[in-house]
Amino acid sequence: MEIFDPKAIHDIEHGVIEGKDVICAKKYFHEVAYLYENANIEGDPVVYTVYSYTQQDEHVKGNLQWGLTILEPLYIHDECNMTKGHFHVDRDCAEFYFGIEGEGLLLLMDEDGHTYAQKVFKGSLHHIDGHVAHRLVNTGKVPLKVGACWPTTAGHDYEAIEQREFGYRIFKRQETLIFEKR
Ligand SMILES: [Fe+2]
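Per this note's numbering: the sequence shown = residues 9 to 190.
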């Protein structure tokens with residue numbers, strides 16, 4: 009029997025996925041500045057890094073994608089760093105998130121705009137229904153690292169979020185989280 013090395017390695021200790029077919033994309037502040045109440049800052053830091061990996065045709069239903077998001081511990085005039093957030097274009101496609109390092113919130117919003125959250129921490133596991141929009145928020149002092157697995161055909165519907173944002177902004181002031189209703 010032949011034994012092969014895996015085609016990719018999720019290096020949990022160093023917060024990277026390595027392998028020939030792994031894609032790494034960095035998101036800079038200027039690309040997501042519109043998300044923040046007050047986006048007037050100096051510089052253009054990396055706000056989050058997303059690794060993604062698949063071995064199959066992404067257009068074939070049932071194929072899977074593996075991912076890792078690293079959300080930096082940035083506070084933009086006290087507003088917690090967040091991902092853009094999305095629904096899935098194919099609302100029938102669910103997703104798993106799992107916390108690897110750091111602390112944060114998984115902000116969730118149903119199609120009626122009802123917004124709620126789950127705590128994210130090392131070992132937390134989150135099943136996300138495709139009809140629920142999802143956004144990660146770093147509420148801690150270290151990078152928030154979250155793994156994910158989802159169908160390649162799910163697609164990212166960012167437009168729905170631009171038309172109706174999540175119901176709350178999240179700030180941290182004097183170590184206290186503040187949820188500001190939009
Ligand atoms: Fe998703």
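No residue lacks a Cβ here, since even glycine has one placed at the ideal position from N, Cα and C.
Note on geometry: alpha-carbon atoms of Y83 and G175 lie some 19 Å from one another. F187: member of the beta strand (DSSP E) spanning 184–189, first to last residue.
Beta-bridge partners of V128 (DSSP): G112. Where V150 is concerned, there is no enclosing beta strand (DSSP E), because DSSP gives it neither an H nor an E.
Under DSSP, D165 shares a beta bridge with F95. Its chain contains V55, Y56 as the residues whose beta carbon lies nearer than 6 Å to that of K35, once the 5 sequence neighbours on both sides are disregarded; these appear in chain order.
The beta-carbon separation of G110 and H142, rounded to 17 Å, does not stay under the 8 Å limit for a contact. For H38, the enclosing alpha helix (DSSP H) begins and ends at 37–40. DSSP places L82 in the coil class of the three-state scheme, outside both helix and strand. Of all C-beta pairs linking the segment 148–167 to the segment 74–90, three or more are shorter than 8 Å, placing the two stretches in contact. Relative to ligand 1, the beta carbon of A156 is positioned inside 8 Å of a heavy atom. Per DSSP, E26 is one residue of the beta strand (DSSP E) stretching across 24–27. Here the alpha carbons of L43 and D98 stand approximately 24 Å from one another. Taken atom to atom, the span from the alpha-carbon of Y166 to that of F95 is near 7 Å.
When distances are taken from the beta-carbon of H94 to the heavy atoms of ligand 1, the shortest one is below 8 Å.
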